[in-house]
Amino acid sequence: MRFNMSDTHERIIQVNKSFLAPDSMDIARYINFTELIDLLETQELHFTNSHYFEDGYEGEIPINFFKGWSDESKKNYLNLINSIKDIRNVYVNCWNKFENESYALWKIYTNPKNGICIKTTIGRLKSALENSDIKIYKIKYIDSYKDMITKTEPAYYYRDDGTLSINTRLMETLKFKPYDYENEVRAIYVDYSKDHCKRFKVNLNLLIEDIFVSPFAPDWFYNLVKKIVWNRYKIDNNIKIRRSDIRVAKY
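Okay, so the sequence shown: first residue is 7 according to this note's numbering, each after it adds one.
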């Protein structure tokens, strides 16, 4: 199914420019130990259906997206979106731009006693996935979903594999401003499916550059991570496994 065909290829490229990041950009994913084991065991990345995310604005269309539209055009667009919303789903694997470790992200996204941070780059993520239908976007943070002051342009997602063609706007590339501390980067796959999640094979030796162990984790856990990654799962010894650079008080 294809829609929004009035949006030309050149238009898609122009709009998507502000959502693209260089392959050299460092990114990180904060996870619990059980998620690390799942990644090592399956060698798959987990993409969650965005309908199940906690953010109440997830996937919502900002009112100012329709700035300059006629009432008829807006009505037709919303009718189209509503007609496919139960079968067209957006699957997301979340990362964060990495400049330094984030104390907040350790606290929010991991169990501090067994948290893990996997560091890579956008280029390594692309190479490790080897799937051109998975697109990678920087998230754009917006001040409001309710005002008409500045027109908001979400990114486009496009794929055509010969059997399925999808050309759609991705409201999932927008988030409410209070989340901007995340500096989120999303790998996104769109499909006509009702699955709760999708899983995609990934080359771990290409994907993983560094593994950080939570600043709250005990020494024995740090040593366990090294043994499991290097000895049990035979991941490349060139991958650095290191303790967090954040120092926390020990009571």
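Using N, Cα and C, we set each Cβ at its ideal position, and we do this for glycine too.
Item	Value
C-alpha gap between Phe9 and Ser199, whole angstroms	The predicted model places Phe9 with a pLDDT of 42, which falls under 50 and marks its position as unreliable; any figure quoted below should be read in that light. Cα to Cα, Phe9 sits roughly 17 Å from Ser199.
Limits of the unbroken beta strand (DSSP E) element including Phe53	50 to 55
Outcome for Ile90 when other beta-carbon atoms lying within 10 angstroms are tallied against a minimum of 16	exposed
Sequence-distant residues of the same chain with beta carbon closer than 8 Å to Gln49, five excluded per side	Lys207, Val208, Asn209, Leu210
Cβ-Cβ separation, Glu188 to Asn102 (assumed contact under 8 Å), whole Å	6 Å
Cα-Cα separation between Ala27 and Arg130, rounded to whole angstroms	13 Å
Span separating the alpha-carbon of Pro184 from that of Lys152	15 Å
Length of the line joining the Cα atoms of Lys113 and Ile122	11 Å
Collapsed DSSP secondary structure at Ala134 in the structure displayed	helix
Cβ neighbour criterion (16 or more within 10 Å) applied to Met7	Confidence in Met7 is poor, its pLDDT being 38 and thus under 50, which makes the residue's placement too unreliable to answer from.
Contact set for Lys233: own chain, Cβ-Cβ below 6 Å, skip 5 residues either direction	none
Integer Cβ distance of Lys73 from Met154, believed to fall under 8 Å	6 Å
Where Ile18 sits in the DSSP three-state scheme	helix
DSSP three-state assignment for Arg8, whether helix, strand or coil	Legend: pLDDT at Arg8 = 43, less than 50; position of this residue unreliable, no value from coordinates given.
Start-to-end residues for the beta strand (DSSP E) that takes in Leu180	180 to 182
Backbone CA spacing between Gly168 and Asn243 [nearest angstrom]	40 Å
Proximity below 9 Å, CB of Asn55 to CB of Tyr115	no
Length of the line joining the Cα atoms of Met11 and Ala161	Residue placement at Met11 is flagged as unreliable, the pLDDT there being 45, under the threshold of 50; a coordinate-derived value is accordingly withheld.
Residue from Ile37, Gly62, Glu64, Met31 with nearest C-alpha to Leu51	Ile37
Collapsed DSSP secondary structure at Ser250 in the structure displayed	coil
Cβ distance (whole Å) where Val191 is taken to contact Ile33 below 8 Å	5 Å
Option nearest Ser30 by Cα separation, candidates Thr156, Ile148, Tyr163, Thr126	Thr126
Length of the line joining the Cα atoms of Phe39 and Leu45	10 Å
Span of the beta strand (DSSP E) around Ser171	171 to 176
Ile128 versus Ala110 - alpha carbon distance	22 Å
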